[in-house]
Amino acid sequence: MITIKEVARHAGVSISTVSYVLSGKRSISEETKRRVEQSIAALGYHPNAGARALASNRSRVLGLVVPLRSDQNVPVVMQFVSSIVTSARDHDHDVLLLTKEAGPGEAHRVTAGSMADAIIVMDVESADPRVPELRTVDAPVVLLGVPDDHEGLSCVDLDFAAAGRRMVSHLADLGHRSIALIGSPPAVYERGTSYAARLLAGFQQETARRNMPVSVHSCAPGYDSVSACLDTVLHQDRGITGLVVHNEAVLGQLLLELRRRSLDVPRDLSVIALCPDDVAQSLPVPLTSISVPARELGAIAVQMVVTRITQDHAPEVRLLQPRLTERGSTAAR
993 MITIKEVARH AGVSISTVSY VLSGKRSISE ETKRRVEQSI AALGYHPNAG
1043 ARALASNRSR VLGLVVPLRS DQNVPVVMQF VSSIVTSARD HDHDVLLLTK
1093 EAGPGEAHRV TAGSMADAII VMDVESADPR VPELRTVDAP VVLLGVPDDH
1143 EGLSCVDLDF AAAGRRMVSH LADLGHRSIA LIGSPPAVYE RGTSYAARLL
1193 AGFQQETARR NMPVSVHSCA PGYDSVSACL DTVLHQDRGI TGLVVHNEAV
1243 LGQLLLELRR RSLDVPRDLS VIALCPDDVA QSLPVPLTSI SVPARELGAI
1293 AVQMVVTRIT QDHAPEVRLL QPRLTERGST AAR
């Protein structure tokens, strides 16, 4: 392995000069800097993480706060985690994964202890109790999600309210006049998770605008729960002809139960979901869906937090507009 001493010898400079070129802590003449950089390239030198941290006072580690809960769809969560880890490596950073439910104080502990240069926070609640603390952390913070009170914070997410409105509009434009939302598990709503609340708000706004009756049903995972939910949703008095589903974990069971009840999708019942594209495509009936752009959102979160590490960048909120893909699970009435 090439050492900094060998780089210094090759460039004809001192070891401290090479260190200053790497860290940028001291002004070095352009000629000397160019000679050192040429030696680094010629020898294939790669400073180790410890040396970089000592030279720059940075750990080159991003903290990722993602509490793993029993009511979460872990495969979808891991799509976000994978995207963040991959994007961080593209920016020459590692990721410290914090999966324990973190209360106030966790972000300060991680950054004050030089464990991470910045924090990305997932599983954001509408009235998130961590918000006051996150505003005081002496390090960049980006939320993958949008709390109601986000003043002074950088956030990125899908525009879930717009997604709720778009799915209602899609069914209404096909002639459906009685539709239902099969939503997230009860614990997700009880906890006040931001994305679920925002999609529900968008769904209700659009059904109200179109003077359509509102029918909302939280659904826990598991065959018995799905069956009971459908018993309520498809009660003959409701006359439901279209389903909006915001619950990736129950999609497969839902379609199988509809088939067991001899209900054809989309002839008897149209179904549209919000879920990752790979999930929508792999189901027994490929679903018309709005994508959960985990890869894109993760990459944007990393780009935002890395930019804030190196620049004095004002807080911003970025909402990605929903992208609907038709796959034949919805039809005109």
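Anchor point for the sequence shown: position 159 equals 1151 in my numbering, and the numbering is continuous, going up by one each time.
The beta-carbon is built from N, C-alpha and C at its ideal position, and this holds for glycine as well.
In the structure shown, what three-state DSSP assignment does residue i receive?
| i | result |
| --- | --- |
| residue 1143 | coil |
| residue 1230 | coil |
| residue 1110 | strand |
| residue 1173 | strand |
| residue 1287 | helix |
| residue 1119 | coil |
| residue 1312 | strand |
| residue 1014 | helix |
| residue 970 | Outside the displayed span of the chain (993 to 1325) sits residue 970, for which this structure offers no information. |
| residue 1281 | strand |
| residue 1155 | helix |
| residue 1324 | coil |
| residue 1055 | strand |
| residue 1090 | strand |
| residue 1210 | strand |
| residue 1262 | strand |
| residue 1191 | helix |
Excluding sequence positions up to five away, which residues of its chain have a Cβ less than 6 Å from the Cβ of residue i?
| i | result |
| --- | --- |
| residue 1153 | 1190, 1193 and 1194 |
| residue 1027 | 1003 |
| residue 1025 | 1013 |
| residue 1207 | 1172 |
| residue 1159 | 1236 and 1264 |
| residue 1156 | 1191, 1194 and 1195 |
Cβ atoms of residue j and residue i: under 8 Å apart, would you say?
| i | j | result |
| --- | --- | --- |
| residue 1060 | residue 1087 | no |
| residue 1243 | residue 1271 | yes |
| residue 1218 | residue 1063 | no |
| residue 1279 | residue 1210 | no |
| residue 1235 | residue 1291 | no |
| residue 1323 | residue 1166 | yes |
| residue 1115 | residue 1052 | no |
| residue 1102 | residue 1111 | yes |
| residue 1247 | residue 1289 | no |
| residue 1287 | residue 1075 | yes |
| residue 1213 | residue 1241 | yes |
| residue 1221 | residue 1282 | no |
Considering only residues of the same chain and omitting the five flanking positions on each side of residue i, which have a CB-CB separation below 7 Å?
| i | result |
| --- | --- |
| residue 1308 | 1146 |
| residue 1313 | 1151 and 1154 |
| residue 1161 | 1198 |
| residue 1082 | none |
| residue 1077 | 1087 |
| residue 1284 | 1068, 1150, 1266, 1267 and 1268 |
| residue 1084 | 1052 |
| residue 1148 | 1134, 1136, 1289, 1292, 1293, 1296 and 1310 |
By a C-beta neighbour count over all protein chains shown, 10 Å radius and 16 as the cutoff for buried, is residue i buried or exposed?
| i | result |
| --- | --- |
| residue 1265 | buried |
| residue 1203 | exposed |
| residue 1252 | exposed |
| residue 1066 | exposed |
| residue 1030 | exposed |
| residue 1107 | exposed |
| residue 1177 | buried |
| residue 1227 | exposed |
| residue 1201 | exposed |
| residue 1305 | exposed |
| residue 1231 | exposed |
| residue 1127 | exposed |
With residue i and residue j assumed to form a contact (beta carbons below 8 Å), what rounded beta-carbon distance in angstroms separates them?
| i | j | result |
| --- | --- | --- |
| residue 1133 | residue 1113 | 7 Å |
| residue 1068 | residue 1058 | Residue 1068 to residue 1058, Cβ: 12 Å. No contact. |
| residue 996 | residue 1010 | 5 Å |
| residue 1294 | residue 1080 | 5 Å |
| residue 1186 | residue 1117 | 6 Å |
Among residues of its own chain, excluding the 5 on either side of residue i, which ones have a beta-carbon nearer than 8 Å to its beta-carbon?
| i | result |
| --- | --- |
| residue 1038 | 994 |
| residue 1119 | 1139, 1140, 1141 and 1184 |
| residue 1169 | 1204, 1233 and 1325 |
| residue 1215 | 1245 and 1249 |
| residue 1258 | 1320, 1321, 1322 and 1323 |
| residue 1091 | 1058, 1059 and 1060 |
Hey, is residue i's beta-carbon within less than 8 Å of any beta-carbon in chain D?
| i | result |
| --- | --- |
| residue 1196 | In the structure shown, chain D does not exist; there is a single protein chain. |
Within 7 Å: the Cβ of residue i and any heavy atom of the ligand MG?
| i | result |
| --- | --- |
| residue 1163 | What this structure holds is no ligand at all, so the ligand MG is not there to describe. |
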